[in-house]
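One structure is given here, and the rest of the page talks about it.
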Amino acid sequence: MTKAVCPGSFDPVTAGHLDVIERSTRFFDEVHVVVAVNAAKTPMFSAQTRVDIIRRALAERGCENVVVSFTDGLITDYCKQVGATVIVKGLRQNGDYEAELGMALVNRQIAGIETLFLPANPVLEHISSSIVKDVARHGGDVTGMVPDCVVPMLNEALHKERTSHE
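Position one of the sequence shown corresponds to residue 1 (the UniProt record's numbering), numbered consecutively onward.
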């Protein structure tokens, strides 16, 4: 059985993330979507909330060969635990390659784990979690950029963020 890992912060998961995940399920028997917990970042949503959102969004898309979880450790350690031999990363045209290549080389060096880069769908390549949050913070409509269930959650989180700064 071939297994792959699609890691990310997914804060929040976007339509672009879901596209890469869904496309990767065609190549592997099992795809692990791993919410990577980075202690240096302050996410908008908890790791468990992000896992729940991804599970819901993938179930709505009919993705059955996906496991969604989180880790606060190295992705390569997670890969070894589940028997995955490859990490799948989506690339947009905004310099993702340069950022991701270094990580891919380190992952190969420390654990022998290869990285497969999937080019983003051109219709979605402009979407990132940061842009989604920025648009929503300024009152813009993010419908279609994220799963439908994320829109009210994002609005609620931003409302709490605003009221805590007042």
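Yeah, the Cβ is synthetic: ideal placement off N, Cα and C, and Gly gets one too. None of the values given here were measured: they were computed from a predicted structure.
Original post:
Under the DSSP definition of a beta bridge, which residues are partnered with Ala111?
Top reply: None, per the DSSP bridge assignment.
**OP:** Look up His159 in the DSSP assignment and say whether it is helix, strand or coil.
**Re:** helix
Subject >> Residues sharing a beta bridge with Val5, DSSP >> reply: Note: Val5 sits in a beta bridge opposite His32, Ile87.
Original post:
Comparing alpha-carbon positions, which option in Lys89, Arg137, Phe70, Val135 lies nearest Ala4?
Top reply: The candidate whose alpha carbon is nearest that of Ala4 is Lys89.
Original post:
For Val82, does the three-state DSSP call read helix, strand or coil?
Top reply: helix
Original post:
Using the rule of at least 16 other Cβ atoms within 10 Å of the residue's Cβ for burial, across every protein chain shown, is Pro122 buried or exposed?
Top reply: exposed
Original post:
In terms of DSSP beta bridges, what is Val66 paired with?
Top reply: Val31
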